[in-house]
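A.B. asks:
2 protein chains.
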Amino acid sequence: MAEMGSADWAFWDTWMRAQRLLVRELDRGLQRDCGISKAEFGVLMTLSGPMRVGELADALDWEKSRVAHLLTRMENRGLVARTEDGASGRRTGVELTDEGRRTAERATRAHGANIRRLVLDRLPPEQAAAIGAWSEQVVGYLDG
Amino acid sequence: MAEMGSADWAFWDTWMRAQRLLVRELDRGLQRDCGISKAEFGVLMTLSGPMRVGELADALDWEKSRVAHLLTRMENRGLVARTEDGASGRRTGVELTDEGRRTAERATRAHGANIRRLVLDRLPPEQAAAIGAWSEQVVGYLDG
DNA sequence: CCCCAGGAGTTGACGTGTCAACTCTAGCGT
DNA sequence: ACGCTAGAGTTGACACGTCAACTCCTGGGG
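From first to last, the protein sequence lines stand for chains V and Y. Using our numbering, the letters of the first sequence map in sequence onto residues 1 to 144. Using our numbering, the letters of the second sequence map in sequence onto residues 1001 to 1144.
Listed below in structure tokens is the structure:
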């Protein structure tokens, strides 16, 4: 197998740097406009109806404990509520509060606008096609 | 400004998912093969000779406090050493230990091989060109 | 000479993520 | 019916990043 040349490292560094700058900018926008983190945005998008914690973790492809910790913090801020599940009375489900739904609505617009402004509007079609193809391929062999 | 359509969201989600899977895989490789994190790898690569903490922070484009915290942890594990700087005797510089140099050497090979295997070897030239162009552009307008 | 303003570095509080250990319940075998 | 195990969910310890406050020089005015 060939070694990494300095051009390879430069390519990789620039790519990762661009990625990091972009994600940082989007995160700041989400925090500024809606007061939530990117992870919380993911929960708000995924949690359409009442769900079990495990379903949510599977849907997001996150560790259950990460979801549990995050839900605790979001519950304290009134974005989600734990719900009783079945006859046992154990709080094992979770759903959005009204506040959570409002925030989700607002965040969808704001975050979408930021993605469009910072990324999509500046992405020529052939670059979009290349990135799309690459993404599909990576998801295919690292996720499948 | 146009809204985000569902195709836009799908494109974005897949892209971010691929990015996340890839970074996770590379981080695990670095941890498994060399026992260091990606951030520590960055320090090991950048810290060629003795440097001041601020220089290091500037070179990496990180917050000084992040560097200070990370250096403390790396110092405890024997990868770097704080050095006395000037007549004041204040420990204000930092350099690699022998152990740090050995780890840096090993990490360069291992991480480079992983990047090549997981990314570069699978990236057709026109996709590489498109991604390279996009990266340059993003760094240009988010960093400049 | 003294003071003090500013830069460099550190530290602490807190949010967040991972891993491992723990609790609770349900379901099953005997 | 009893106990045991498997799964779901939670919790705690720790690693890491950010922000703000802090310490410690250092270099001019006065």
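Note that beta-carbon positions come from the ideal geometry of N, C-alpha and C, so glycine has one too.
From the DSSP secondary-structure annotation, give me the bridge partner or partners of residue 1046 of chain Y.
C.D. replies: For the purposes of this step, residue 1046 of chain Y is identified with residue 46 of the second sequence, where counting begins at 1. Partner(s): none; residue 1046 of chain Y has no beta bridge.
A.B. asks: Find the residues of chain Y that neighbour residue 67 of chain V, judging by a C-beta separation of less than 7 angstroms, and give them in chain order.
C.D. replies: Position 67 of the first sequence, counted from the first residue, corresponds to residue 67 of chain V. Here the premise fails: no neighbours, minimum Cβ distance about 16 angstroms.
A.B. asks: For residue 1032 of chain Y and residue 1021 of chain Y, what's the separation of their Cα atoms in angstroms?
C.D. replies: As a working note, residue 1032 of chain Y is residue 32 in the second sequence. As a working note, residue 1021 of chain Y is residue 21 in the second sequence. So the two alpha carbons sit approximately 16 angstroms from each other.
A.B. asks: Anything in the region 1117 to 1139 of chain Y with a Cβ closer than 9 angstroms to a Cβ of chain V? List those residues in chain order, please.
C.D. replies: 1117, 1118, 1119, 1120, 1121, 1122, 1123, 1124, 1126, 1127, 1128, 1129, 1130, 1131, 1132, 1133, 1134, 1135, 1136, 1137, 1138, 1139
A.B. asks: How would you list, in chain order, the residues of chain V whose beta-carbon sits under 9 angstroms from the beta-carbon of residue 1003 of chain Y?
C.D. replies: Locating residue 1003 of chain Y in the second sequence gives position 3, counting from the first residue. Correct list: 109, 112, 113, 116.
A.B. asks: When DSSP labels each residue in this structure, what does residue 63 of chain V get in the three-state scheme?
C.D. replies: For the purposes of this step, residue 63 of chain V is taken as residue 63 along the first sequence, with counting starting at 1. Annotated three-state conformation of residue 63 of chain V is coil, per DSSP.
A.B. asks: At the level of alpha carbons, what is the spacing between residue 81 of chain V and residue 52 of chain V?
C.D. replies: Within the first sequence, the letter at position 81 stands for residue 81 of chain V. Within the first sequence, the letter at position 52 stands for residue 52 of chain V. Those two C-alpha atoms are separated by around 12 angstroms.
A.B. asks: Does the CB of residue 1072 of chain Y have a neighbour CB from chain V at under 8 angstroms?
C.D. replies: Along the second sequence, one-based indexing puts residue 1072 of chain Y at 72. Any Cβ of chain V closer than 8 angstroms to the Cβ of residue 1072 of chain Y would place that residue at the interface, and such an atom is absent.
A.B. asks: In angstroms with no decimal places, state the Cα-to-Cα distance between residue 59 of chain V and residue 1069 of chain Y.
C.D. replies: Position 59 of the first sequence holds residue 59 of chain V. Position 69 of the second sequence holds residue 1069 of chain Y. About 34 angstroms.
A.B. asks: Taking a Cβ distance cut-off of 7 angstroms, strictly less, list which residues of the region 1020 to 1036 of chain Y are near chain V, in chain order.
C.D. replies: When C-beta distances to chain V are compared with 7 angstroms, the residues of the region 1020 to 1036 of chain Y below that value are 1021, 1022, 1025, in chain order.
A.B. asks: Quick one: residues in its chain with C-beta nearer than 7 angstroms to the C-beta of residue 1107 of chain Y, no 5 flanking neighbours on either side, listed in chain order?
C.D. replies: In the second sequence, the residue the question calls residue 1107 of chain Y occupies position 107. Excluding positions up to five away in sequence, the list reads 1030, 1034, 1036, 1041, 1044.
A.B. asks: On the three-state DSSP scale, how would you describe residue 1074 of chain Y?
C.D. replies: On the second sequence, position 74 is the one that residue 1074 of chain Y refers to. Residue state, collapsed to three classes: helix.
A.B. asks: As a quick exercise: from Y:1046, Y:1127, Y:1115, Y:1077, pick the residue whose alpha carbon is nearest that of residue 132 of chain V.
C.D. replies: On the first sequence, position 132 is the one that residue 132 of chain V refers to. Of Y:1046, Y:1127, Y:1115, Y:1077, the residue nearest in Cα terms is Y:1127.
A.B. asks: Look at the Cβ atom of residue 134 of chain V, then the Cβ atom of residue 1135 of chain Y, and state whether they are nearer than 8 angstroms.
C.D. replies: Your numbering for residue 134 of chain V matches position 134 in the first sequence. Your numbering for residue 1135 of chain Y matches position 135 in the second sequence. With contacts defined as CB atoms closer than 8 angstroms, residue 134 of chain V and residue 1135 of chain Y fail to qualify as a contacting pair.
A.B. asks: What does a CB cutoff of less than 7 angstroms around residue 140 of chain V pick up in its chain, not counting 5 residues either side in sequence?
C.D. replies: Position 140 of the first sequence holds residue 140 of chain V. Within the same chain, and ignoring the five residues on either side of residue 140 of chain V in sequence, no residue has its Cβ closer than 7 angstroms to its Cβ.
A.B. asks: Could you work out which residues of chain V lie near residue 1142 of chain Y, taking near to mean beta carbons separated by less than 7 angstroms?
C.D. replies: Counting from 1 along the second sequence, the entry for residue 1142 of chain Y is found at position 142. 21, 22, 25, listed in chain order.
A.B. asks: Look up residue 93 of chain V in the DSSP assignment and give the residues it is bridged to.
C.D. replies: Sequence index remark: in the first sequence, residue 93 of chain V carries index 93 (1-based). Looking at the DSSP assignment, residue 93 of chain V forms a beta bridge with V:52, V:83.
A.B. asks: If you reduce the DSSP assignment to three classes, tell me which class residue 118 of chain V lands in.
C.D. replies: Your numbering for residue 118 of chain V matches position 118 in the first sequence. Helix.
A.B. asks: Could you work out which residues of chain V lie near residue 1012 of chain Y, taking near to mean beta carbons separated by less than 7 angstroms?
C.D. replies: Within the second sequence, numbered from 1, the residue matching residue 1012 of chain Y stands at position 12. Neighbours of residue 1012 of chain Y on chain V, chain order: 115.
A.B. asks: Is residue 8 of chain V close to chain Y, meaning its C-beta is less than 8 angstroms from at least one C-beta of that chain?
C.D. replies: Within the first sequence, the letter at position 8 stands for residue 8 of chain V. Using beta-carbon distances, residue 8 of chain V counts as an interface residue toward chain Y, with a partner under 8 angstroms.
A.B. asks: Rounded to whole angstroms, what's the CA-CA distance from residue 1066 of chain Y to residue 1050 of chain Y? Just pull it up for me.
C.D. replies: The sequence position of residue 1066 of chain Y within the second sequence is 66, counting from 1. The sequence position of residue 1050 of chain Y within the second sequence is 50, counting from 1. Cα to Cα, residue 1066 of chain Y sits roughly 19 angstroms from residue 1050 of chain Y.
A.B. asks: From residue 119 of chain V to residue 1113 of chain Y, what does the alpha carbon distance come to, in whole angstroms?
C.D. replies: As a first step, residue 119 of chain V is located in the first sequence; it is residue number 119 there, counting from the start. As a first step, residue 1113 of chain Y is located in the second sequence; it is residue number 113 there, counting from the start. Cα-Cα distance, rounded: 30 angstroms.
A.B. asks: Rounded to whole angstroms, what is the Cα-Cα separation between residue 1023 of chain Y and residue 76 of chain V?
C.D. replies: Residue mapping note: residue 1023 of chain Y aligns to position 23 of the second sequence, counting from 1. Residue mapping note: residue 76 of chain V aligns to position 76 of the first sequence, counting from 1. Going by the C-alpha atoms only, they are around 31 angstroms apart.
A.B. asks: If you check the beta carbons only, do residue 116 of chain V and residue 1004 of chain Y fall under 8 angstroms apart?
C.D. replies: On the first sequence, residue 116 of chain V is found 116 positions in, with the first residue counted as 1. On the second sequence, residue 1004 of chain Y is found 4 positions in, with the first residue counted as 1. Yes.
A.B. asks: Three-state secondary structure (DSSP) at residue 123 of chain V?
C.D. replies: On the first sequence, residue 123 of chain V is found 123 positions in, with the first residue counted as 1. Coil, per DSSP.
A.B. asks: Could you name the residues of chain V that residue 1106 of chain Y contacts, counting a contact when the two beta carbons are closer than 8 angstroms?
C.D. replies: For the purposes of this step, residue 1106 of chain Y is identified with residue 106 of the second sequence, where counting begins at 1. Result: empty, since nearest Cβ-Cβ is about 14 angstroms, beyond 8 angstroms.
A.B. asks: For residue 39 of chain V, decide whether its Cβ has a neighbour in chain Y, counting only Cβ atoms nearer than 8 angstroms.
C.D. replies: Numbered from 1 along the first sequence, position 39 holds the residue referred to as residue 39 of chain V. By this cut-off, residue 39 of chain V is not an interface position.
A.B. asks: Can you tell me where the alpha helix (DSSP H) with residue 1025 of chain Y in it begins and where it stops?
C.D. replies: Taking the first residue of the second sequence as 1, we reach residue 1025 of chain Y at position 25. Residue range 1006 to 1034 is occupied by the alpha helix (DSSP H) that includes residue 1025 of chain Y.
A.B. asks: Quick one: grab the DSSP three-state call for residue 135 of chain V.
C.D. replies: As a first step, residue 135 of chain V is located in the first sequence; it is residue number 135 there, counting from the start. Residue state, collapsed to three classes: helix.
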